[in-house]
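Colleague: Input: one structure, supplied below.
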Amino acid sequence: GESVGLHLPTLSVQEGDNSIINCAYSNSASDYFIWYKQESGKGPQFIIDIRSNMDKRQGQRVTVLLNKTVKHLSLQIAATQPGDSAVYFCAENSGGSNYKLTFGKGTLLTVNP
Amino acid sequence: DAGVTQSPTHLIKTRGQHVTLRCSPISGHKSVSWYQQVLGQGPQFIFQYYEKEERGRGNFPDRFSARQFPNYSSELNVNALLLGDSALYLCASSFQGTIGGNTIYFGEGSWLTVV
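Protein chains in written order, with my numbering: chain W, 1 to 113; chain S, 1001 to 1115.
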């Protein structure tokens, strides 16, 4: 079956540290991946995406790394701030779907001041 | 510019009742998708509509239906509500109907509680 899983359900970091959130996906045919941030009581907020023809993509304070060999995705957040505290989801267009995203369960990131 | 807007934000229904949830996509976006998010889990795909046509359907019973209007807004209907339908219902919009380099934006969701 198709699934997107996370290695760490919770992550606690100190303000100013770098955070790394990991995600494993099982469908090797997936070719598009997205990271979303979801704060309590709100909808998912787009952070960054990456296509399978890339290994790395950088945004503002965030970097996504894709390792297709081991089917692993990670989100790196530089200089983590209290406002980064949220649940982070990775999502994939499972099997190369043109219309459907498959989400993992999420990782709760807590930033301690 | 307004993002994806959904209504109502919260509602409570009784088992067996029917509910209609509404979504307005970002201006210029032609694709709308619906997802269900149960507490503590990631969103689950329900439907995608593009140019008023259903392009995809997730593993949900026929009690769930949706449609997209000429102005690209959308409704999600759920009949014969069950307790297990209690969830956050998310609407997402994108400019095109295909995933892949086509940023998908979510609304804040409609919280449905079935009692």
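In this text, a Cβ means the ideal position worked out from N, Cα and C, and glycines have one as well.
Excluding five sequence neighbours on each side, which residues of the same chain lie with their C-beta closer than 6 Å to the C-beta of W:Asn18?
Modeller: Ala78
Colleague: To the nearest whole angstrom, what separates the beta carbons of W:Glu39 and W:Thr80, a pair I think is in contact under 8 Å?
Modeller: W:Glu39 to W:Thr80, Cβ: 15 Å. No contact.
Colleague: Tell me, which residues are paired with S:Gln1048 by DSSP?
Modeller: Note: S:Gln1048 sits in a beta bridge opposite S:Ser1033 and S:Gly1056.
Colleague: Using 8 Å as the limit for Cβ to Cβ distance, is S:Arg1055 near chain W?
Modeller: True, the Cβ-Cβ gap to chain W drops below 8 Å.
Colleague: Look at the alpha carbon of W:Leu66 and the alpha carbon of S:Ser1024, and state the distance between them as a whole number of angstroms.
Modeller: 33 Å
Colleague: Anything in the segment 1094-1109 of chain S with a Cβ closer than 8 Å to a Cβ of chain W? List those residues in chain order, please.
Modeller: Gly1097, Thr1098, Ile1099, Gly1100, Gly1101, Thr1103, Ile1104, Tyr1105, Phe1106, Gly1107, Glu1108 and Gly1109
Colleague: Counting beta carbon pairs with one atom in the segment 89-107 of chain W and one in the segment 1085-1104 of chain S, are three or more of them shorter than 8 Å?
Modeller: yes
Colleague: When the Cα atoms are used, what is the spatial distance from W:His7 to S:Pro1070?
Modeller: With a pLDDT of 47 at W:His7, under the threshold of 50, the predicted position of this residue should be treated as unreliable, though the coordinate-derived value follows. Rounded to the nearest angstrom, the two C-alpha atoms are 43 Å apart.
Colleague: Count the other CB atoms within 10 Å of the CB of S:Glu1053; is the residue buried (16 or more) or exposed (fewer)?
Modeller: exposed
Colleague: Figure out for me which residue from S:Asn1077, S:Val1038, S:Ile1026 and S:Ser1086 has the closest Cα to the Cα of S:Gly1107.
Modeller: For S:Gly1107, the nearest C-alpha among the options comes from S:Ile1026.
Colleague: Examine chain W for any beta-carbon lying closer than 8 Å to the beta-carbon of S:Leu1090, and answer yes or no.
Modeller: Cβ-Cβ to chain W under 8 Å: yes for S:Leu1090.
Colleague: Report the rounded CA-to-CA distance for W:Tyr25 versus S:Lys1013, giving the unit in angstroms.
Modeller: Those two C-alpha atoms are separated by around 36 Å.
Colleague: Classify W:Ile21: buried if its beta carbon has 16 or more other beta carbons within 10 angstroms, exposed otherwise.
Modeller: buried
Colleague: At which residues does the beta strand (DSSP E) containing S:Gln1017 begin and terminate?
Modeller: Counting along the chain, S:Gln1017 falls outside any beta strand (DSSP E), and DSSP gives it neither H nor E.
Colleague: Could you tell me the distance, in whole angstroms, from the CA atom of W:Arg57 to the CA atom of W:Pro44?
Modeller: 20 Å
Colleague: So within the segment 31-66 of chain W, which uninterrupted beta strand (DSSP E) runs reach at least 3 residues, ignoring any that extend past its ends?
Modeller: 32-38, 45-51 and 56-58
Colleague: Are there 16 or more other CB atoms within 10 angstroms of the CB of S:Leu1141, so buried, or fewer, so exposed?
Modeller: This structure cannot speak to residue 1141 of chain S, because chain S is shown only from 1001 to 1115.
Colleague: Pick from W:Ser12, W:Asn27 and W:Val13: whose alpha carbon is nearest that of W:Leu73?
Modeller: W:Asn27
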